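Worksheet: the structure to be examined is printed underneath.
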Amino acid sequence: MKVHLDCIPCFLRQALEAARLATDDRKVQEEVMRTILAELAEFPLNKSSPPEIGWRAHSLVKEVTGNKDPYAPLKHSFNQQALAVYPKLEELIEFSDVPFETAVRLALAGNMIDFGAQVIKDINLEEEIEVAIKAYLDRGAVLKLKTATEQAKKILFLGDNAGEIVFDKPLIKQIGPEKITYAVKRKPIINDATLEDAQAVTLTDLVNVIDNGSEVPGTILSLCSQEFLRHYNNTDLIVAKGQGHYETLSDEKRPIAFLFKVKCSVIAKDIKHDLGGLVVHLQNVYNTYKS
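Using numbering that gives the first Met the number 0, read the sequence shown as starting at 0 and increasing by one per residue.
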């Protein structure tokens, strides 16, 4: 998916938020914004995906401010908040008549912990859980995803954000941790999860976790490690959380199940889904699996 003109204000909003997290010095914040504006003016928009430009903007924030992880306090906070509600997630699965669907809904509830696609704000996780449990979801797509996960021997699960990764645990358990490799980022970018986050929420005790060798939102294959690419090219199914993965992998030919909440009008138009809706979008899955 390529950059739309509507993406540009979002890049600037993200950069300003990151700069304010990185430093209280208004002059440095202004330097960040002037640097990014100059860079955006030269960036080849028609040849880039939104996460590529987002990555460059956040890299400039780090370079100018000297803060290598502006979102660290937020990531820590949401890891702890997510762990606090995790017993509720387990309870919902235990008493559900459709535990796989419930696990998908909970994974989607966690996708609200996203400070790239939306303004930084307080998020009531218990409210997000209730909304996701009751929201419209394409149950046909969920059943097809369930079939695909049952038939797959190897699954690559692309994680998204700190805190959100706790909400992926029930789905990992429903699928079977032994067949999953879970991928996170190599270095901090926005509030995306890293190996440090996976360890902090004990995800590494549940499933094999690797980093993708990259610090770009989503997954840009040309910037990933050889280890990650081996998993990507040899897995039976890819489960990709978050809008960034849709933006970077929606033109790929591998069997991919995209799971995310629609948070911007550009994505809503591209995927033909309502803003705010829960998405289970299967791409090329039926080249391999039959429901």
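For glycine and all other residues, C-beta sits at the position ideal for the given N, C-alpha and C.
Since we're looking at a predicted model, the values are computed, not measured.
Under the three-state DSSP convention, the category residue i falls into
{"i": "Thr348", "result": "Outside the displayed range of the chain (0 to 290) lies residue 348, so it cannot be described from this structure."}
{"i": "Asp96", "result": "coil"}
{"i": "Ala161", "result": "coil"}
{"i": "Lys289", "result": "Note on Lys289: pLDDT 43, under 50, position unreliable in the model; the coordinate value appears next. Coil, per DSSP."}
{"i": "Leu88", "result": "helix"}
{"i": "His272", "result": "coil"}
{"i": "Asn207", "result": "strand"}
{"i": "Val215", "result": "coil"}
{"i": "Phe227", "result": "helix"}
{"i": "Tyr245", "result": "helix"}
{"i": "Phe156", "result": "strand"}
{"i": "Ala182", "result": "strand"}
Residue i versus the options, residue with shortest Cα-Cα distance
{"i": "Ile188", "options": "Leu20, Glu90, Tyr135", "result": "Leu20"}
{"i": "Thr247", "options": "Thr180, Ala83, Asp159, Lys271", "result": "Asp159"}
{"i": "Tyr245", "options": "Pro216, Glu38, Asp273, Tyr135", "result": "Pro216"}
{"i": "Lys297", "options": "Asp68, Glu126, Val31, Pro254", "result": "Summary: the structure shown does not reach residue 297, with the chain confined to residues 0 through 290, and so no result is reported for it."}
{"i": "Lys74", "options": "Pro8, Leu222, Ala192", "result": "Ala192"}
{"i": "Leu4", "options": "Glu29, Leu15, Asn45", "result": "Asn45"}
{"i": "Val238", "options": "Ile266, Cys263, Val278", "result": "Val278"}
Separation of residue j from residue i, as counted between CA atoms
{"i": "Leu124", "j": "Gly109", "result": "8 Å"}
{"i": "Asp113", "j": "Val27", "result": "25 Å"}
{"i": "Asp269", "j": "Leu236", "result": "23 Å"}
{"i": "Arg185", "j": "Gln150", "result": "30 Å"}
{"i": "Asn283", "j": "Phe257", "result": "11 Å"}
{"i": "Lys178", "j": "Ile171", "result": "9 Å"}
{"i": "Ser290", "j": "His280", "result": "Residue placement at Ser290 cannot be trusted, given a pLDDT of 40 that sits under 50; the coordinates are not used to answer."}
{"i": "Arg25", "j": "Asn190", "result": "23 Å"}
{"i": "Asp121", "j": "Ile7", "result": "24 Å"}
{"i": "Thr22", "j": "Glu16", "result": "10 Å"}
{"i": "Cys263", "j": "Asp273", "result": "10 Å"}
{"i": "Asn233", "j": "Lys153", "result": "8 Å"}
{"i": "Asp96", "j": "Tyr285", "result": "27 Å"}
Beta-carbon proximity list for residue i, same chain, < 6 Å, skipping 5 on both sides
{"i": "Gly162", "result": "Phe77, Asn78, Ala81, Ile112"}
{"i": "Tyr288", "result": "Note that Tyr288 scores a pLDDT of 44, beneath 50, so its modelled location is shaky; the value from the coordinates is reported in the next line. Here the set comprises Ala147, Gln150."}
{"i": "Ile219", "result": "Thr247"}
{"i": "Lys145", "result": "Phe99"}
{"i": "Val132", "result": "As written in the sequence, residue 132 is Ile, which differs from the Val given in the question. These residues qualify, in order along the chain: Arg104."}
Distance CB(residue i)-CB(residue j) smaller than 7 Å
{"i": "Phe156", "j": "Ala106", "result": "no"}
{"i": "Val261", "j": "Gly241", "result": "no"}
{"i": "Ala102", "j": "Val60", "result": "no"}
{"i": "Tyr231", "j": "Val206", "result": "no"}
{"i": "Ala56", "j": "Phe10", "result": "yes"}
{"i": "Thr34", "j": "Val2", "result": "no"}
{"i": "Gly243", "j": "Pro69", "result": "no"}
{"i": "Asp210", "j": "Leu194", "result": "yes"}
{"i": "Met0", "j": "Ser48", "result": "yes"}
Spatial neighbours of residue i in its chain, beta-carbon cut-off 8 Å, leaving aside the 5 residues before and after
{"i": "Leu222", "result": "Gly212, Ser213, Val215"}
{"i": "Tyr85", "result": "Val165, Lys168"}
{"i": "Ile52", "result": "Val2, Cys6, Phe10, Leu39, Phe42, Leu44"}
Residues near residue i by beta carbon distance below 7 Å, same chain, minus five either side
{"i": "Ile164", "result": "Gly158, Ala192, Asp196, Ala197, Val200, Leu202"}
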